[in-house]
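Novice:
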Ligand code: ADP
Ligand code: ADP
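Structure, rendered in structure tokens:
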């Protein structure tokens, strides 16, 4: 079954087109890299998939729902319950510990404390963060913080993970560690993955490449 089905999707910021007729299907469990030069529309495409940006034109089915037809509240709920997101940086709460950061999505989803504890400890262990789980996010290394961001995005076992330059702020060694942790977890959970990147080393981890140029898919 397709997790993502876009047909003829157009998005403009004012008069400036950012997506100019995107047709894209992504099957359940696929791991897709979206690449292309700066300004070609990669982040805009990710925002459309996340349902934070509604297209001006075209049809948009994500996780079986017509995202364009949902009310804002239902789109937000779908995002919270069934998607995870990882950004380049800054998406952990610096004042909270890594353990607290990983607990947040499950708390928002109304999990029971005992279940939350079990799921969070398992994710911290699998990401190699057990030893630093009590440190505040602001006090760990960039690589540890990004692994924790991956954990926070996956701890509720979403169907779709969206990542925007997830290793863009890291050196090569830390970037590889983060990508390995991300890919292992996603593969084990069967999560469909879309990663926006301009780093070939990141794209090499994924099994399908989608190239963009000037608001369109190419190749
Ligand atoms: P990429 O992620 O590939 O760098 P973006 O999706 O961020 O590309 O941007 C695509 C185009 O849309 C660019 O020309 C960019 O300047 C423009 N753009 C992106 N976000 C906005 C916005 N919020 N307001 C106006 N223009 C935007
Ligand atoms: P990326 O290349 O990852 O999209 P950018 O630096 O282009 O990163 O964009 C960072 C933020 O600024 C995004 O939220 C994007 O929507 C917004 N943005 C990008 N281009 C413009 C623009 N021309 N006008 C207003 N906002 C923009």
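Residue numbers (full-length UniProt numbering): 18 to 236.
Beta carbons: idealized from backbone N, C-alpha and C, even for Gly.
(1) So what's residue 194 in DSSP terms, helix, strand or just coil?
(2) Closest by CA to residue 115, which one among 85, 80, 78, 160?
(3) Okay, do the region 140-154 and the region 72-84 touch, 3+ Cβ pairs below 8 Å being the bar?
(4) Just to confirm, are residue 176 and residue 99 a CB contact at a threshold of 8 Å?
(5) Considering only the alpha carbon of each residue, which of 231, 235, 55 lies closest to residue 29?
(6) Cα-Cα, which of 106, 101, 102, 141 is closest to residue 117?
(7) Out of 53, 97, 233, 184, which one is the CA nearest neighbour of residue 158?
(8) Hey, residue 210 and residue 48 are a contact pair by Cβ (cut 8 Å); roughly how many whole angstroms apart?
(9) Hey, is residue 184 close to ligand 1, as in C-beta under 7 Å from one of its heavy atoms?
(10) Residue 20 to residue 78, Cα distance in whole Å?
Specialist: The answer reads as follows:
(1) Look at residue 194 here: in three-state DSSP terms it is helix.
(2) For the set 85, 80, 78, 160, the Cα lying nearest the Cα of residue 115 is the one of 160.
(3) no
(4) With a cutoff of 8 Å on beta-carbon distance, residue 176 and residue 99 are scored as near each other.
(5) Ranking 231, 235, 55 by Cα distance to residue 29 puts 231 first.
(6) Measuring from the Cα of residue 117, the nearest candidate turns out to be 141.
(7) 184
(8) 4 Å
(9) no
(10) 8 Å
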